[in-house]
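Residue numbers (this note's numbering): 939 to 1238.
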């Protein structure tokens, strides 16, 4: 629950403009507010506020995530209120689309925990690694990270997804370490096909986009991670797929001097399903588990 309280404190400080005023609003000591903000900034590894003796001001990163934080807190409080009115309201079936690799690594356990807490909810889980219009295909929730939108479908952010360019040390010893994104055209690259064959990097002089002819393309991160571990090329992969390998040193990050745009794991929900208590409950449950920093990023 610390993550939720830290996020609530972040919103309160942003609204109040000072740590002391936020502490009064929350009914806690100013030292508690400071500790919560420090914990949150430590987890996201970036300052969220610029502090002075009299007031605090959101940094660009803090401003970027404030609206998402408000939405997470609103949804969390809404579901708690529904649960307090009648836990028996949380029942029925939820049909949910999920990506394969993330589900195998993390979401499967979370969905099992959810059913432990809400035994009257049944789940129909489909592992699909493509963009899905949940309204057209009959899903209550479609989870993914592709930047795609559909009419009549609500976009619910769950957590940010970091992505890293990485390769096996043996590959880099043999082929060399690229110093600039443009050098990727001289390397074997492993490409997540639904995101396209173009990798984009942010620099102080603007974006750099590199069009690739991949040695391997796949619609699942597990396949690409396995290929990278074997030394078959350089891959751009989400941190949840490579966190263990990076910690173990079996994969190494490259091009760290270039920023890769952050994408969001999000839930697409048909508008006519968004207000159903069991759907809202599952969404809030997932946001609580994965926001503001998902578990796979906490030790990177």
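Glycine included, every Cβ here is placed at the ideal spot set by N, Cα and C.
Beta bridge pairing from DSSP links residue 989 with 994. Judged by pairs of C-beta atoms under 8 Å, the segment 1088 to 1100 does not touch the segment 1110 to 1130, as fewer than three such pairs exist. Here residue 944 has 974, 977, 978 as same chain residues with Cβ atoms under 6 Å from its own Cβ, once five neighbours each way along the sequence are excluded. A distance of 8 Å or more separates the beta carbons of residue 1226 and residue 1032. In the three-state DSSP reduction, residue 1141 falls in the strand class (E or B). For residue 1186, the uninterrupted alpha helix (DSSP H) segment begins and ends at 1177 to 1186. Burial state of residue 984 is exposed, judged by a 10 Å Cβ sphere holding fewer than 16 other Cβ atoms. Beta-bridge analysis with DSSP links residue 1060 to 1031. Among the bridge pairs identified by DSSP, residue 948 is matched with none. In chain order, 1103, 1104, 1105, 1109, 1116, 1122, 1125, 1126, 1127, 1128, 1166, 1192 place their CB closer than 8 Å to the CB of residue 1172, counting only its own chain and leaving out the 5 sequence neighbours on each side.
Going by C-alpha positions, residue 1196 is about 21 Å away from residue 1183. Annotation: the continuous alpha helix (DSSP H) that includes residue 976 extends over 968 to 982.
Residue pairing by DSSP places residue 1094 opposite 1205 in a beta bridge. Put simply, of 1229, 963, 1235, 1233 the residue whose alpha carbon is nearest the alpha carbon of residue 1003 is 1229. A distance of 8 Å or more separates the beta carbons of residue 1037 and residue 1208. Going by DSSP, residue 1046 is part of the alpha helix (DSSP H) stretching over 1046 to 1055. Residue burial is scored here from C-beta neighbours: residue 1087 has fewer than 16 other C-beta atoms within 10 angstroms and is therefore classed as exposed. No Cβ-Cβ contact shorter than 8 Å links residue 1107 with residue 1007. A Cβ-Cβ separation of about 6 Å places residue 971 in contact with residue 947 under the 8 Å criterion.
Annotation: residue 1133 is outside any beta strand (DSSP E) and is labelled neither H nor E by DSSP. Leaving aside the five residues that flank residue 1039 on each side, the residues in its chain whose CB is nearer than 7 Å to its CB run, in chain order, 1158, 1159, 1160, 1179. Around the beta-carbon of residue 1083, 16 or more other beta-carbon atoms lie within 10 Å, marking it buried.
Closest in C-alpha terms to residue 1153, from the list 1145, 1170, 1139, 1164, comes 1170. The three-state secondary structure of residue 1223, taken from DSSP, is helix. Per DSSP, residue 1103 lies in no alpha helix (DSSP H) segment; the continuous beta strand (DSSP E) that holds it begins and ends at 1101 to 1105.
The alpha carbon of residue 1035 has as its nearest neighbour, out of 1066, 994, 1142, 1233, the alpha carbon of 1066. A straight line joining the alpha-carbon of residue 1221 with that of residue 1111 spans about 44 Å. If you draw a 10 Å sphere on the C-beta of residue 1199, you find fewer than 16 other C-beta atoms in it, and that means exposed.
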